[in-house]
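**Q** Once you've had a glance at the structure underneath, I'll fire off some questions.
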Amino acid sequence: MNRILPIVIVLAACSAEDRRSPPPAKKALQSMNATQHDLALELDRAAENGTWIELRRRWQGQKLQWTVTRQRMLCASAERCNVAAFPIKNHATHGWMPELKFAPGQYEALAAKCGDAAQCEVTIEGVVAKLEASDESPTRIVLDGVSLVADRTAQK
Numbered sequence: 002m003n004r005i006l007p008i009v010i011v012l013a014a015c016s017a018e019d020r021r022s023p024p025p026a027k028k029a030l031q032s033m034n035a036t037q038h039d040l041a042l043e044l045d046r047a048a049e050n051g052t053w054i055e056l057r058r059r060w061q062g063q064k065l066q067w068t069v070t071r072q073r074m075l076c077a078s079a080e081r082c083n084v085a086a087f088p089i090k091n092h093a094t095h096g097w098m099p100e101l102k103f104a105p106g107q108y109e110a111l112a113a114k115c116g117d118a119a120q121c122e123v124t125i126e127g128v129v130a131k132l133e134a135s136d137e138s139p140t141r142i143v144l145d146g147v148s149l150v151a152d153r154t155a156q157k
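This is the structure we're talking about:
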């Protein structure tokens, strides 16, 4: 009886959390050949099906190359830079604007290439550091280690 009591206490103290298998090993960084339109479609599907967690798992940590529009007023410094993920037209169907965290020297390269243009179309590459998406709040995406790949200055 004296031996059984400590065993019962130990077993009772173990919760389901303790018996879970360890999380899978982190995968190596992958390049995803996906556009912002692909993300928009997946966001729409997640809204219909409630698959927000799966969406975040699939996109976070992925390396992307997107063509975006830098608006001078929304990207005035390396610390505060958001870009339009879609061409600016009459009205937006998706309102999220990626936040960019630049690799060293890359904001300066962007500023030099875009100059004083109100809008400047550029191709960037970066890693999805954060994707916040749900029914309750607006979508937020942060791209980290952003570097300039190419640009085309829009004359607007």
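Going by the numbering used here, the sequence shown opens with residue 2, and the numbers climb by one from there.
All C-beta atoms in this analysis are idealised placements derived from N, C-alpha and C, irrespective of residue type, glycine included.
Rounded to the nearest angstrom, what separates lysine 90 and glutamine 66 at their Cα positions?
**A** Against the sequence shown, residue 90 aligns to sequence position 89. Against the sequence shown, residue 66 aligns to sequence position 65. Computed Cα separation, rounded: 22 Å.
**Q** Leaving aside the five residues before and after glutamine 37 along the sequence, list all residues of the same chain whose C-beta is less than 7 Å from its C-beta, in chain order.
**A** Translated into the one-based positions of the sequence shown, residue 37 becomes position 36. So the qualifying residues of the chain are Trp67, Ala86, Phe87.
**Q** Name the DSSP beta bridge partners of arginine 73, please?
**A** Within the sequence shown, the letter at position 72 stands for residue 73. Looking at the DSSP assignment, arginine 73 forms no beta bridge with any residue, so it has no partner.
**Q** Hey, which unbroken runs of the beta strand (DSSP E) at 3 residues or more fall wholly within the region 34-101?
**A** Runs found: 63-76, 82-85.
**Q** Just to confirm, does serine 135 get its C-beta within under 7 Å of one of the non-hydrogen atoms of the ligand GDP?
**A** No copy of the ligand GDP appears in this structure; indeed no ligand is present at all.
**Q** By the DSSP assignment, the beta strand (DSSP E) with glutamate 122 in it spans what residues?
**A** Reading the sequence shown from its first residue, position 121 is the one you call residue 122. Note, glutamate 122: beta strand (DSSP E), 120-133.
**Q** Mind reading off the beta-carbon distance from lysine 131 to valine 143? Whole number of angstroms is fine, and I expect it under 8 Å.
**A** Counting from one through the sequence shown, the residue named residue 131 turns up at place 130. Counting from one through the sequence shown, the residue named residue 143 turns up at place 142. With a Cβ gap of about 4 Å, lysine 131 and valine 143 count as contacting.
**Q** Mind checking whether valine 69 and proline 99 have CB atoms under 8 Å apart?
**A** Numbered from 1 along the sequence shown, position 68 holds the residue referred to as residue 69. Numbered from 1 along the sequence shown, position 98 holds the residue referred to as residue 99. Going by C-beta atoms, valine 69 is nearer than 8 Å to proline 99.
**Q** Taking the alpha-carbon of valine 128 as reference, which of Cys76, Ser135, Arg59 has the nearest alpha-carbon?
**A** Position 127 of the sequence shown, counted from the start, is the residue given in the question as residue 128. Valine 128 has its Cα closest to that of Arg59, out of Cys76, Ser135, Arg59.
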